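Trainee: Structure provided below as structure tokens; questions to follow.
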Amino acid sequence: MLRPACRLKNGYTVTMDVIDSFRRPLRDLRISVTDRCNFRCTYCMPREVFGPEYQFLQRDDLLTYEEITRLSRIFIAHGVEKLRITGGEPLVRRDLDQLMAKLAPIAGLKDLTLTTNGSLLKQQAAKLAEAGLKRITVSLDSLDDDVFKAMNDASVNVQTVLDGIDAAAAAGLSPIKVNAVVKRGVNDHTIVELASYFRNTGHIVRFIEFMDVGNTNGWRLDSVVTAREMIERIDRVYPIEPATANYEGEVAKRWRYRDGAGEIGFITSISEPFCGSCTRARLSPEGQLFTCLFGNQGHDFRSLLRGGKSDEEIGAFLRSVWRIRDDRYSEIRSSDTIGLRKVEMSRIGG
Ligand code: SAM
-11 MLRPACRLKN
-1 GYTVTMDVID
9 SFRRPLRDLR
19 ISVTDRCNFR
29 CTYCMPREVF
39 GPEYQFLQRD
49 DLLTYEEITR
59 LSRIFIAHGV
69 EKLRITGGEP
79 LVRRDLDQLM
89 AKLAPIAGLK
99 DLTLTTNGSL
109 LKQQAAKLAE
119 AGLKRITVSL
129 DSLDDDVFKA
139 MNDASVNVQT
149 VLDGIDAAAA
159 AGLSPIKVNA
169 VVKRGVNDHT
179 IVELASYFRN
189 TGHIVRFIEF
199 MDVGNTNGWR
209 LDSVVTAREM
219 IERIDRVYPI
229 EPATANYEGE
239 VAKRWRYRDG
249 AGEIGFITSI
259 SEPFCGSCTR
269 ARLSPEGQLF
279 TCLFGNQGHD
289 FRSLLRGGKS
299 DEEIGAFLRS
309 VWRIRDDRYS
319 EIRSSDTIGL
329 RKVEMSRIGG
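Quick note: the sequence shown uses this note's numbering, first residue -11, plus one each step.
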């Protein structure tokens, strides 16, 4: 199925036909396994919108683990090296370890990881690791219980997530990344405490600028704390310096403590967009492929899977989608684009 490879000036080696219209290869696939979540984070799934009346997908709508595995194989044959399982909250989907066991052995897969809110991790970390999960990212916006509960709006306390992180570390799912979305006036006063707690643990805290994903989170520019400001605040207490990226297209900007206490990262989607190096595609739970986190139109892979198409035919569809990809939403963000319809992040994950 693979086409001849070529090496680009920017260092990527790619198969000839999976470069998009800005010469970005396809390298990462984020797979959302459910649109449901046990949190109601105010910046992601506000309870007013995602309340008891909200119509979540039905079981038959979701891609099965077999369908996800088949698609993953096809994507990996087209250059994908990394799979990230996400949601909604992926750990609310039953027997997720069975999916890991199917994905982990796929030839050509270099990295298999998962993003979770951590609330169910203590119970699941060991079996996920046994099934082949390599590492994990846990979302934790604050160590202050009141702040954290106000943000997750589900009464989950900080200790539950910290227990999940400990269980993940004990299961060898490292390095563990801890993601914190920072919103001005909500949790920005707690970022130094969060950084401090994870110094010298080997876990990497990554602070995320609050993004205008979806249409329901009430995003405003004045709620964004830029990475520059966060860096200044942390540097005043714990001096930090930039570190070089691990690889081309890495999402977080790496920084390290000057005293050797470890590293932290910043995800600068608002202040310093990184569309130019975006090699990510996102698969929704019902098999729609989105080529941008801020997209509004998915490409329907489920109907191909369920319509009896061959791997070759599905691969051809993937190539046709990727070749014309020209998304660069964050780079052209303006007052005109903010109101455009976008897919909800709770559907396609981070
Ligand atoms: N439930 C899982 C979790 O909590 O990690 C996976 C899905 S969640 C949508 C993935 C990540 O997106 C989380 O780290 C979450 O904090 C982040 N996120 C959600 N809405 C966001 C926003 N408006 N701006 C920045 N990050 C956001």
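Just so you know, even glycine gets a beta-carbon here, dropped at the ideal spot from N, CA and C.
In this text the structure is predicted, and so the values were computed from the model without any measurement.
1. Can you check DSSP and say which residues form a bridge with LEU63?
2. So is HIS191 buried or exposed if we call it buried at 16+ other beta carbons inside 10 Å?
3. Please report the residue range of the alpha helix (DSSP H) in which THR325 lies.
4. Cα separation between THR279 and ARG12?
5. So, with DSSP's three-state summary, where would you put LYS90?
6. Given 8 Å as the limit, is there contact between the segment 58 to 67 and the segment 226 to 242, that is, 3 or more CB pairs closer than that?
7. Assuming GLU217 is part of the alpha helix (DSSP H), what are its boundary residues?
8. Along the chain, which unbroken stretches of the beta strand (DSSP E) at least 3 residues long are found entirely within the segment 26 to 79?
9. Out of curiosity, what's the CA-to-CA distance linking ASP8 and ILE153?
10. Of all the options PRO163, PHE136, ARG244, ARG224, which has the alpha carbon lying nearest to the alpha carbon of TYR31?
11. Which stretch, first to last residue, makes up the beta strand (DSSP E) that contains ASP16?
12. For the ligand SAM, I want to know if CYS263 counts as a neighbour, meaning its beta carbon is within less than 6 Å of at least one of the ligand's heavy atoms.
13. Do you know how far the Cα of HIS287 is from the Cα of PRO(-8)?
14. Please report the residue range of the alpha helix (DSSP H) in which ASN175 lies.
15. Please state if the CB of ILE255 and the CB of ARG194 are separated by a distance shorter than 7 Å.
16. On the CB-based measure, 16 or more other CB atoms within 10 Å of its CB, does ASP133 come out buried or exposed?
17. Closer than 6 Å: is that where the CB of TYR31 sits relative to any heavy atom of the ligand SAM?
18. I need the DSSP call for ASN140, collapsed to helix, strand or coil.
19. Where do the N-terminal and C-terminal ends of the beta strand (DSSP E) with ILE255 fall, by residue?
20. Under the three-state reduction of DSSP, which class applies to ASP200: helix, strand or coil?
21. Please classify MET4 as buried or exposed, where buried requires at least 16 other C-beta atoms within 10 Å of its C-beta.
22. Mind checking whether ALA119 and ALA89 have CB atoms under 7 Å apart?
23. Looking at GLY308 and the ligand SAM, is the gap between the Cβ and the nearest heavy atom below 6 Å?
24. Taking 6 Å as the limit between beta carbons, can you name the residues of its chain near GLU55, skipping five residues before and five after?
25. Strictly by DSSP, which residues pair up with PHE195?
26. Within the present structure, is the beta-carbon of SER127 separated from the nearest heavy atom of the ligand SAM by less than 6 Å?
27. Could you say which of LYS165, ARG221, ALA183, SER107 lies nearest to ASP151 if we only look at CA atoms?
28. Given GLU77, which residues of its chain have a CB within under 8 Å of its CB, disregarding the five upstream and five downstream residues?
29. Evaluate PRO273 with the Cβ neighbour count: other Cβ atoms within 10 Å of its Cβ, from every protein chain shown; 16 or more gives buried, anything less gives exposed.
Mentor: Let me lay it out:
1. Here the question's residue 63 lines up with position 75 in the sequence shown. Looking at the sequence itself, residue 63 is Phe, so the reference to Leu does not match. According to DSSP, PHE63 bridges with nothing at all.
2. Within the sequence shown, numbered from 1, the residue matching residue 191 stands at position 203. Label assigned to HIS191: buried.
3. In the sequence shown, residue 325 corresponds to position 337, counting from 1. Here the alpha helix (DSSP H) through THR325 covers 323 to 326.
4. Here residue 279 refers to the residue found at position 291 when the sequence shown is read from its first residue. Here residue 12 refers to the residue found at position 24 when the sequence shown is read from its first residue. Rounded to whole angstroms, THR279 to ARG12 spans 11 Å at the Cα level.
5. Taking the first residue of the sequence shown as 1, we reach residue 90 at position 102. It is helical.
6. no
7. Locating residue 217 in the sequence shown gives position 229, where the first residue counts as 1. First-last of the alpha helix (DSSP H) with GLU217: 215 to 225.
8. 70 to 74
9. Counted from its first residue, the sequence shown places residue 8 at position 20. Counted from its first residue, the sequence shown places residue 153 at position 165. One Cα belongs to ASP8, the other to ILE153, and the distance between them is close to 37 Å.
10. The count along the sequence shown starts at 1 and reaches residue 31 at position 43. Of the listed residues, the one whose Cα sits closest to TYR31 is PHE136.
11. The residue you call residue 16 lines up with position 28 of the sequence shown. It spans 16 to 20 - the beta strand (DSSP E) in which ASP16 sits, taken as one unbroken run.
12. By one-based count along the sequence shown, residue 263 stands at place 275. Because no heavy atom of the ligand SAM lies under 6 Å away, the Cβ of CYS263 does not count as near it: no.
13. Position 4 of the sequence shown, counting from 1, holds the residue named residue -8. Position 299 of the sequence shown, counting from 1, holds the residue named residue 287. With a pLDDT of 49 at PRO(-8), under the threshold of 50, the modelled position of that residue is not reliable, and the figure given next carries that caveat. Straight-line Cα distance between these residues: approximately 26 Å.
14. By one-based count along the sequence shown, residue 175 stands at place 187. ASN175 -> no alpha helix (DSSP H), and no H or E assigned at all.
15. Residue mapping note: residue 194 aligns to position 206 of the sequence shown, counting from 1. Residue mapping note: residue 255 aligns to position 267 of the sequence shown, counting from 1. Contact flag set, yes.
16. The count along the sequence shown starts at 1 and reaches residue 133 at position 145. In summary, ASP133 is exposed, with fewer than 16 beta-carbon neighbours lying within 10 Å of its beta-carbon over all protein chains present.
17. To locate residue 31, count along the sequence shown from 1; it is residue 43. The answer is yes for TYR31.
18. What you label residue 140 is simply residue 152 of the sequence shown in a count that begins at 1. Helix.
19. The residue labelled residue 255 in the question sits at position 267 within the sequence shown. In the DSSP annotation of this structure, the continuous segment of the beta strand (DSSP E) that includes ILE255 starts and ends at 251 to 255.
20. Here the question's residue 200 lines up with position 212 in the sequence shown. Looking at ASP200 - three-state DSSP - the assignment turns out to be coil, as it is neither helix nor strand.
21. Your numbering for residue 4 matches position 16 in the sequence shown. Its pLDDT being 47, under 50, MET4 is placed unreliably in this model, and the value from its coordinates should be taken loosely. With fewer than 16 other Cβ atoms within 10 Å, it is exposed.
22. As a first step, residue 119 must be located in the sequence shown, where it is residue number 131. As a first step, residue 89 must be located in the sequence shown, where it is residue number 101. It is a contact, given that the beta carbons lie within the stated cut-off.
23. If you number the sequence shown from 1, residue 308 lands on position 320. Per the sequence presented here, residue 308 reads as Ser, with Gly not at that position. No; taking the cut-off as 6 Å, the Cβ of SER308 has no heavy atom of the ligand SAM nearer than that.
24. In the sequence shown, residue 55 corresponds to position 67, counting from 1. A distance below 6 Å between beta-carbons, with the five flanking residues on each side excluded, links GLU55 to the following residues of its chain, in chain order: LEU293.
25. For the purposes of this step, residue 195 is taken as the residue at position 207 of the sequence shown. DSSP, once it has assigned bridges, lists ALA168, PHE254 as partnering PHE195.
26. Start at 1 with the first residue of the sequence shown, and residue 127 comes out as number 139. Yes, the beta carbon of SER127 sits closer than 6 Å to at least one heavy atom of the ligand SAM.
27. Within the sequence shown, the letter at position 163 stands for residue 151. Here the closest residue by C-alpha is SER107.
28. Residue numbering aside, residue 77 sits at position 89 when the sequence shown is read from its first letter. Cβ neighbours of GLU77 beyond the five flanking positions: THR22, ARG24, CYS25, ASN26, PHE27, THR104, ASN105, SER107, LEU108.
29. Here the question's residue 273 lines up with position 285 in the sequence shown. The residue in question, PRO273, is buried, as its Cβ has 16 or more Cβ neighbours within 10 Å.
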